[in-house]
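In mature numbering (1 follows the signal peptide of the UniProt record, and there is no 0), the protein residues as written are -26 to -1, 1 to 188.
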């Protein structure tokens, strides 16, 4: 079981460390004010895995009134389902590059996005002992295009992966942030109040091309 988990972790780590090979150079076509669409000739999911993330800490500040989410759903933070993977995109000029993608869901609501940045995490001896990736919900796949639309505010999903000196997986956490601009989104606002930890024992592969677009 440990060997299998370590193998899955290693694959997840290698794919997660893939850098953005090239900037999107496809022809831009403006959709709505502030929105840009990049047409892709081909979209292929290289790897996709699903797992459960459990709430571990609350970042919520005490308030007199409950949040809109609590007023409507009357519930504390619940585990969320996470899909993470790597997708290879080919633009109309034939150039290929890779992106990491993520999707989180509580079974009713969901949020998804493509990678926007990140990098290695170093220990005190300047050795790489982790990987940090930021995803932004305003950048996602829609049909056969990559669409950038930040009209709903700057919403980020940060996936942090840590491992020990022997390459064994440590803590995998997910945090959410939002500048609170754009329309009301009780689901995402609730996510920003909690830090989640991934349960690696729940990891299961899902390699379908439709996975990234759900």
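Glycine included, C-beta positions come from ideal geometry on N, C-alpha and C. Predicted model, so just to flag it, every value in this text is computed and none were measured.
Of 100, 86, 104, 122, the smallest CA-CA separation from residue 92 is found for 104. Residue 22 is positioned such that its CB atom lies closer than 8 Å to that of residue 59. The alpha-carbon of residue 114 is positioned some 31 Å away from that of residue 141. DSSP places residue 164 inside the alpha helix (DSSP H), whose first and last residues are 160 to 165. Excluding the 5 residues flanking it on each side, residue 134 has same chain C-beta neighbours closer than 6 Å at 106, 147, in chain order.
Residue 122 and residue 98 have their alpha carbons spaced roughly 37 Å apart. By alpha-carbon distance to residue 96, the top candidate from 64, 28, 62, 137 is 137. Under the three-state reduction of DSSP, residue 83 is assigned to coil, being neither helix nor strand. Per DSSP, reduced to three states, the secondary structure at residue 151 is strand.
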